Amino acid sequence: MLLDNLNNHKIYLASKSPRRRELLAGMGIDFDILTTDVEETYDPAWSPEEIVMHLSRLKLSPIDMAQYDPKTIFITCDTIVVVDGQIIGKPKDKADAERMLKMLSGNTHTVYSGLTVATPQKQLTNYRATDVVFETLSDDMIQYYIDTYQPFDKAGSYGVQEWIGRVGIREVRGSFYNVMGLPTRLLWTMLEQMCL
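Here it is as structure tokens:
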């Protein structure tokens, strides 16, 4: 099984996201954290798919992989939210979070995650897209959620696994875990390909 094969590799998750850490641990994979800081730049003419794949690869750029054992595996991921053709990232403050949630209210948006799995010799990059349908959120619901959950570190100003997801989301079309920030089934498949 893949988990047995992965025991022969040192695995690093290059992410500051507690949700990605939780999801990767939940897959039964032993890993360490390697945080990288990069300026997330991209061509605004690119498609959302191109953007998230580029950003996931970009997060590898500060790592000098030649210093690592050939069996080392690095995992990076980047997630964006697109609503009405507009990319919305993490909110700057409470007013920005409120603005974003009002955009999502009663609307369908798409969550894109770009995923890169790499060793010093090989690199794979792919993405997943998931449509999320929100019911109409009242102002009281939006205020309660922001005040209680402080969603300032989340793309789109919400966590699907939190209160707002339980009471406000009508439908998720695609990977639920992608909306949390890590398309776990895609990652499993890519790790299988990497370990062949």
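Per the working numbering, the very first residue in the sequence shown carries number 578; after that it's consecutive.
Where a beta carbon is used, it is the ideal one built from N, C-alpha and C, also for glycine.
Source: prediction; values computed, not measured.
Tell me whether residue i is buried or exposed, calling it buried when 16 or more other Cβ atoms sit within 10 Å of its Cβ.
{"i": "G745", "result": "buried"}
{"i": "P728", "result": "buried"}
{"i": "G662", "result": "exposed"}
{"i": "R705", "result": "buried"}
{"i": "G603", "result": "exposed"}
{"i": "T618", "result": "exposed"}
{"i": "G605", "result": "exposed"}
{"i": "M771", "result": "buried"}
{"i": "A695", "result": "buried"}
{"i": "G733", "result": "buried"}
{"i": "M677", "result": "buried"}
{"i": "A672", "result": "exposed"}
Using C-beta distances below 7 Å, list every residue in its chain close to residue i, excluding the 5 sequence neighbours before and after it, in chain order.
{"i": "V659", "result": "P625, H686, T687, Y689"}
{"i": "S638", "result": "V615"}
{"i": "P697", "result": "M642, A643, Y645, P647, T649"}
{"i": "T761", "result": "L600, M604, Y754"}
{"i": "D607", "result": "I588"}
{"i": "K667", "result": "F729, D730, K731, A732"}
Where does the unbroken alpha helix (DSSP H) through residue i begin, and where does it stop?
{"i": "N684", "result": "N684 -> no alpha helix (DSSP H), and no H or E assigned at all."}
{"i": "F753", "result": "753-757"}
{"i": "L600", "result": "595-603"}
{"i": "I628", "result": "625-635"}
{"i": "V744", "result": "740-745"}
{"i": "N582", "result": "579-583"}
{"i": "M642", "result": "Per DSSP, M642 belongs to no alpha helix (DSSP H) and is neither H nor E."}
{"i": "L768", "result": "761-771"}
Got a sec? Which residues, its chain only, sit under 6 Å from residue i by beta carbon, not counting five neighbours each side?
{"i": "Y726", "result": "E739"}
{"i": "D655", "result": "V629, L632, S633, G691"}
{"i": "L635", "result": "V615"}
{"i": "I664", "result": "I657"}
{"i": "E712", "result": "G745, R747"}
{"i": "R750", "result": "D708"}
Enumerate in chain order the residues of its own chain whose CB-to-CB distance from residue i is below 8 Å, with the five nearest sequence positions on each side excluded.
{"i": "M718", "result": "I741, V744, G745"}
{"i": "G736", "result": "R596, Y726, P728, G742, M757"}
{"i": "L701", "result": "T693, V694, A695, M767, Q770, M771"}
{"i": "K587", "result": "D609, Y645, D646, K648, T649, I650"}
{"i": "L579", "result": "W765, L768, E769, C772"}
{"i": "A674", "result": "P668, I723, P728, F729, S734"}
The beta strand (DSSP E) spanning residue i covers which residue range?
{"i": "L611", "result": "Per DSSP, L611 belongs to no beta strand (DSSP E) and is neither H nor E."}
{"i": "L590", "result": "588-590"}
Inset, instruction - Would you list, in sequence order, the uninterrupted beta strand (DSSP E) runs of no fewer than 3 residues that lie entirely inside the stretch 647-731? - result: 650-660, 663-665, 685-695, 700-711
Legend entry - Validate contact between the stretch 764-773 and the stretch 704-716 using beta carbons, cut 8 Å, 3 pairs: no
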